[in-house]
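Residue numbers (this note's numbering): 572 to 783.
We put the beta carbon where it would ideally sit given N, CA and C, even for glycine.
Predicted, not measured: the structure shown is a model, and the values here were computed from it.
Before any comments, here is the structure.
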Ligand SMILES: C[S@@+](CC[C@H](N)C(=O)[O-])C[C@H]1O[C@@H](n2cnc3c(N)ncnc32)[C@H](O)[C@@H]1O
């Protein structure tokens, strides 16, 4: 099985327990992190990548046309039920972040929370984010990543084991991955040391659109 199929199968299996397992962390801290993540999100068309079971729904901008996508059909089933229950206005799409079926420059804003730790090729996924953002559009990420302190070395050491049991990478270099994907990181806020961070990035305007 390739890595994407493995991740999809893992989240398909996890979907029915995802919310109950995550509830304590959601109530304790994640909801306040999510509120901060969404504070600057605006625009006519907004995409959420890896929407999971819809934990970000309460923060969706009311006036925007929202699209929520995920790799796992079972996670999307949960999100579909939640959309009906909470009356959220969003299109739901089954898709791989590494090959987004949207035209270049389709979105004003793109949001992802705790997704790029699992996407098998994060730079490829982030390049897709950069591609489908309008020039100058913004991407907001809430992600855990490799610490720059000595803890980073421990993360490197334990990562293979953690990936084997959970599919999650704990040592992704998400900030440099975003830059490698061609976006400009404009702002970073540490939420839990330098491990859980909020990142605002901008799709770089192409030289042609700058009057050349
Ligand atoms: C840890 S969950 C986070 C869910 C949600 N964003 C949240 O904050 O609760 C990771 C999500 O990313 C999705 N995912 C992983 N790899 C993906 C990919 N290549 N394309 C799209 N979604 C992906 C998983 O199916 C899962 O729903």
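(1) With a threshold of 6 Å on Cβ separation, who are the neighbours of residue 589 within its own chain once the five nearest residues in sequence on each side are excluded?
(2) How should residue 554 be labelled, buried or exposed, when 16 other C-beta atoms within 10 angstroms of its C-beta is the threshold for buried?
(3) Would residue 689 pass as a contact of residue 766 if the rule is Cβ separation under 7 Å?
(4) Run through DSSP, which three-state label would residue 659 get?
(5) Using a Cβ-Cβ cut-off of 6 Å (strictly less than) and excluding sequence neighbours within five positions of residue 712, which residues of its own chain qualify?
(6) Does the distance between the C-beta of residue 749 and the nearest non-hydrogen atom of ligand 1 fall short of 6 Å?
(7) Taking Cβ positions, are residue 659 and residue 628 nearer each other than 7 Å?
(8) Which word fits residue 746, buried or exposed, when buried means at least 16 other C-beta atoms lie within 10 angstroms of its C-beta?
(9) On the criterion of 16 or more Cβ atoms from any shown chain inside 10 Å, does residue 782 qualify as buried, or is it exposed?
Answer, in terms of the structure:
(1) 624
(2) Past the boundaries of the shown model lies residue 554; the chain is included only from 572 to 783, so the question cannot be answered.
(3) no
(4) coil
(5) 683, 770
(6) no
(7) yes
(8) buried
(9) Because the pLDDT at residue 782 is just 41, under 50, the model does not fix this residue reliably, and the point stays unresolved.
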